[in-house]
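A quick write-up on the structure given underneath.
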Amino acid sequence: MQYTKTALQNGYANQILSIDLQDGKIAAHSLEPRIRDYFIGGRGLGLYLLHKKINGKTNAFAPENPLIFAPGPLGGIPQFPGTSKCMAISLSPLTHIPGVSNFGGHFGAYLKYAGFDALEITGIAPDNTMIVIDSVKGEISIKKAPVIDQVFELEKVIIEQFTAAGYEKKNIVFLTTGIGAANTSYGCINSHYYDAVKPVDGTKGLYRSKQAGRTGLGSVMIQKNLRAVVVLADYPRGENPYGAADWDKVKKAGAKLHHVVKEVDPQSLKMYRKGSAGLIAFMNKEDYKSLPVNNYQFGSHPQADQICGKFYAEHLFDHRGMDGCFPGCNLRCTKGGWVTLTSGEHKGRKVWVDGPEYETAAGFGSNLGMWRPEFIMEANWHCDNYGIDTITTAVIMAFLMECYQRGFLTKEGTDEFELNWGDEQAALTFIHQLACEGTDLTKVAGAGMLDLITWIASQYTKRTGKPNPKKELERFAMQTKGLPFSLYRTHRSLSMQASYAAASDIGAHHAAAWLIKADLLGAFPTFQDKAKALITYPRVRLGNDNLGLCKLPWVDVFNPESEKRKNTDIYINPASQEIYADFYNGMLGTNMTWEKIFEQTDRDINLQRVMNVMTYGKNTGEQDWIPDRAIGPTEDNLYETEKDYHDQQLGIILNKPLAEIQKMKTAEKREILIKHRKEELKKLISVYYEERGWSAAGIPKVETLKLIGLWYFLNEETKTKITKMNGQ
Numbered sequence: 010m011q012y013t014k015t016a017l018q019n020g021y022a023n024q025i026l027s028i029d030l031q032d033g034k035i036a037a038h039s040l041e042p043r044i045r046d047y048f049i050g051g052r053g054l055g056l057y058l059l060h061k062k063i064n065g066k067t068n069a070f071a072p073e074n075p076l077i078f079a080p081g082p083l084g085g086i087p088q089f090p091g092t093s094k095c096m097a098i099s100l101s102p103l104t105h106i107p108g109v110s111n112f113g114g115h116f117g118a119y120l121k122y123a124g125f126d127a128l129e130i131t132g133i134a135p136d137n138t139m140i141v142i143d144s145v146k147g148e149i150s151i152k153k154a155p156v157i158d159q160v161f162e163l164e165k166v167i168i169e170q171f172t173a174a175g176y177e178k179k180n181i182v183f184l185t186t187g188i189g190a191a192n193t194s195y196g197c198i199n200s201h202y203y204d205a206v207k208p209v210d211g212t213k214g215l216y217r218s219k220q221a222g223r224t225g226l227g228s229v230m231i232q233k234n235l236r237a238v239v240v241l242a243d244y245p246r247g248e249n250p251y252g253a254a255d256w257d258k259v260k261k262a263g264a265k266l267h268h269v270v271k272e273v274d275p276q277s278l279k280m281y282r283k284g285s286a287g288l289i290a291f292m293n294k295e296d297y298k299s300l301p302v303n304n305y306q307f308g309s310h311p312q313a314d315q316i317c318g319k320f321y322a323e324h325l326f327d328h329r330g331m332d333g334c335f336p337g338c339n340l341r342c343t344k345g346g347w348v349t350l351t352s353g354e355h356k357g358r359k360v361w362v363d364g365p366e367y368e369t370a371a372g373f374g375s376n377l378g379m380w381r382p383e384f385i386m387e388a389n390w391h392c393d394n395y396g397i398d399t400i401t402t403a404v405i406m407a408f409l410m411e412c413y414q415r416g417f418l419t420k421e422g423t424d425e426f427e428l429n430w431g432d433e434q435a436a437l438t439f440i441h442q443l444a445c446e447g448t449d450l451t452k453v454a455g456a457g458m459l460d461l462i463t464w465i466a467s468q469y470t471k472r473t474g475k476p477n478p479k480k481e482l483e484r485f486a487m488q489t490k491g492l493p494f495s496l497y498r499t500h501r502s503l504s505m506q507a508s509y510a511a512a513s514d515i516g517a518h519h520a521a522a523w524l525i526k527a528d529l530l531g532a533f534p535t536f537q538d539k540a541k542a543l544i545t546y547p548r549v550r551l552g553n554d555n556l557g558l559c560k561l562p563w564v565d566v567f568n569p570e571s572e573k574r575k576n577t578d579i580y581i582n583p584a585s586q587e588i589y590a591d592f593y594n595g596m597l598g599t600n601m602t603w604e605k606i607f608e609q610t611d612r613d614i615n616l617q618r619v620m621n622v623m624t625y626g627k628n629t630g631e632q633d634w635i636p637d638r639a640i641g642p643t644e645d646n647l648y649e650t651e652k653d654y655h656d657q658q659l660g661i662i663l664n665k666p667l668a669e670i671q672k673m674k675t676a677e678k679r680e681i682l683i684k685h686r687k688e689e690l691k692k693l694i695s696v697y698y699e700e701r702g703w704s705a706a707g708i709p710k711v712e713t714l715k716l717i718g719l720w721y722f723l724n725e726e727t728k729t730k731i732t733k734m735n736g737q
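Under my numbering, think of the first position of the sequence shown as 10, with each following residue one higher.
Here's what the structure looks like:
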């Protein structure tokens, strides 16, 4: 299809590209102003487009389930730090509700430069397919893709194909996935972009990748026989190239945040050196014990310094070049380095690894009882190369290790294979078998945590003749709504427990409400503070997903001016939020406070919830819970490992002297503690529902949806079901 690219206006291209792989239809549609202005972009716009295409019976692998990519109006503007984000949205094959994943790199920006605010892909191609959006020629095409199952081999072929056709590497960005996405329900999508300044072998230039890992959207992509999406574009040129209402205001806002990052990060988290792996040291602190160790059984470990950000920074990360995942971001936290592979068909090969990020470092490190960073980087590379989510893979492996530890699995029932804490070679073998459906164990593990629980329980009962242990397994299978936990042990943060249980509607992921660090630092001392945070922080965090912004320059670079603010939550970094408001107002021509800007996020938060109701129905609220392991010690010995802390907590709960608490039996103390924490969590979730304007069963009320204007964008099937769920 030939098309004409229009100039950007207020950060929008004002067009949506729709491609049906089944019949090869390609069409560009105008983005209606009422849709654009209500849903803003990114996650919100993607959820709306998903809602339009599906109904209550649609499943993730149905041809009509769209795979959507959407940047936001502030994405792709290098005059401001951290404008690299794009959102991937679809029904999730892992959770069976809407799945959302943000990713960095250049793809979202280039999609907008090519003339589109969103790309929606439906249908299933008859053969392996590649979409090419060529804004240089004004041409969009569906081409046959090379049949290559490994991501970095496919990357090489795509680069060669388009450079041979005369395109410069800096103008070629693309998405891929691999064989692991085909054989699991948690495939990831790799976003490839050219880093022109990273030195390699005496020259400069290296293709790097970021991942849309969560909720299995790579599995949707490969099910559609879609191997790659390529965008060929360049940066807009001229004065005010992004169509800002007030370009000077935008540039001034960018300069302000750039200055804050430059002054603060080298003196605080040092993300320019450590990347997000620097968070390991904080979570591992004795006072916090929030680093998951051995499937979240423990919260700290003396060997954690071997896999912390400081170690990576000093021994493995290559600091040459800029290390920003998009131009203009001086946080420079996109770290990576070289490692020699010890397993698989590429054994002995030296490869570049982008990462690990904190989640992957903790997932393949402390949570598996692994303390060698080179192993973590290798596991990271294999998952990216196969196209599978590192977080889900690592948490499922930790669950399996504990099942072996506790005798629910034995090597006699798993083809003489066994996963044990600290066994690197077994872990790597598992990853290779998982990607290729190598055994019965990895086949069912590839289906996800919920299927795995059922299978292990059945195998155990057959082998031993004992009662089905499913309820016991569910206590330490770390998932919510089918999505394995991101890597935070939440025993000491009630706010984060509620975030995983209810505020994160895609499942147990930290994107919606990463409250644990602020909570541990004392930001939410009262129950009311915690309840308020479950509303205010998701507005900002998911609001960034709508705008196309990275959260790190806000959340991990504390503006010193914020500390001077009075009668407010300084941990939400209000001084930097004001800079973001200037950026937003300068681009869109509005005059809104940052609070009002992010209140708009309530629209897509409610839309996500409404679509969850379409799947769960009257049981929606029952899904808002977390395993016992995420609440407190599930066994007496786990209570004893943190006895002093637990005893002090019990003293407060029971209003008894510590000496009296210490005389009680451990089993009794543990039971009281867990019961109390569950009651507190239930109460907090109930208050969250009330604050959101949802029913006691977690169903959005009709009056709430009308009040925020969402009701008028819902289809009739949804309106009917929501009305019925509210007893009207």
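Glycine included, each C-beta is placed from N, C-alpha and C at the ideal position. None of these values were measured; they are calculated from a predicted model.
Proximal residues to residue i (C-beta, below 7 Å), its chain only, five neighbours per side dropped
| i | result |
| --- | --- |
| L377 | A403, M406, A407, M410, W430 and A436 |
| W361 | L215, G345 and W347 |
| A486 | F408, M458, I462 and P636 |
| S144 | K14, Y122, A123, G124, L241 and A242 |
| T643 | R484, F485 and D637 |
Own chain residues within Cβ distance below 6 Å of residue i, not counting five before or after
| i | result |
| --- | --- |
| N568 | V269, N582, A584 and S585 |
| S363 | Position check: residue 363 holds Asp in this sequence, whereas Ser was assumed. If we look at D363 and ignore the five residues flanking it on each side, its Cβ neighbours are R217, S218 and G345. |
| V239 | V141 and F183 |
| L149 | Here residue 149 turns out to be Ile, not Leu, going by the sequence shown. M10, I35 and I142. |
| L278 | G287 and D565 |
Residue environment, residue i, which counts as buried when at least 16 other CB atoms sit within 10 Å
| i | result |
| --- | --- |
| G308 | buried |
| E651 | buried |
| Q306 | buried |
| H38 | exposed |
| G114 | buried |
| I525 | buried |
| D29 | buried |
| Q537 | exposed |
| N389 | buried |
| T423 | buried |
| Y698 | buried |
| D656 | buried |
| G263 | buried |
| R501 | buried |
Nonlocal neighbours in the same chain, by C-beta distance under 8 Å from residue i, ignoring five residues either side
| i | result |
| --- | --- |
| L561 | G91, M280, S285, L340 and C342 |
| N735 | S704, I708, K710 and V711 |
| A79 | G50, G51, R52, L54, G55, L58, C95, M96, I98, G117, D126, A127 and L128 |
| V273 | V566, F567, N568 and P569 |
| K515 | Before going further, note that residue 515 is Ile rather than Lys in the sequence given. Taken in chain order, the residues that qualify are S101, T104, I106, P107, G108, V109, R223, T224, K490, L492, A521 and Q617. |
| I289 | L300, A313, I316, C317, G318, Y367, A370, A371, G374 and S375 |
| A237 | M139, I140, A154, L163, I167, F183, L184 and T185 |
Span separating the alpha-carbon of residue i from that of residue j
| i | j | result |
| --- | --- | --- |
| G372 | T349 | 20 Å |
| P666 | M673 | 12 Å |
| L120 | K146 | 14 Å |
| Q414 | G455 | 21 Å |
| Y509 | R548 | 16 Å |
| K359 | E680 | 51 Å |
| T535 | R498 | 21 Å |
| P336 | R246 | 15 Å |
| F494 | T401 | 8 Å |
| L714 | T732 | 11 Å |
| F161 | G396 | 10 Å |
| S467 | N394 | 33 Å |
| N664 | R686 | 16 Å |
| G330 | D591 | 30 Å |
For this session: Return the chain-ordered ranges of every alpha helix (DSSP H) run that is complete within the segment 353-391 and spans a minimum of 4 residues.
Result: 367-372
Problem set entry | 4-residue-minimum alpha helix (DSSP H) runs that sit fully inside the segment 240-326, ordered along the chain | 256-273, 280-283, 288-292 and 318-324
For this session: Evaluate the contact criterion for the segment 200-208 versus the segment 169-189: three or more CB pairs, one atom per stretch, below 8 Å.
Result: yes
For this session: State whether the segment 189-196 contacts the segment 138-155, with contact taken as three or more CB pairs (one from each stretch) at a distance under 8 Å.
Result: no
Exercise. Between the segment 544-552 and the segment 606-615, do at least 3 Cβ pairs fall closer than 8 Å?
Worked result: yes
Exercise. Can you give, in chain order, each stretch of the beta strand (DSSP E) that sits fully within the segment 145-230 and has at least 3 residues?
Worked result: 148-153, 181-185, 198-209 and 212-221
Problem set entry | contact_flag[the segment 470-488, the segment 619-633] where n(CB pairs < 8 Å) is 3 or more | no
Exercise. Which full runs of the beta strand (DSSP E) of 3+ residues lie inside the segment 13-66, going along the chain?
Worked result: 24-29 and 34-39
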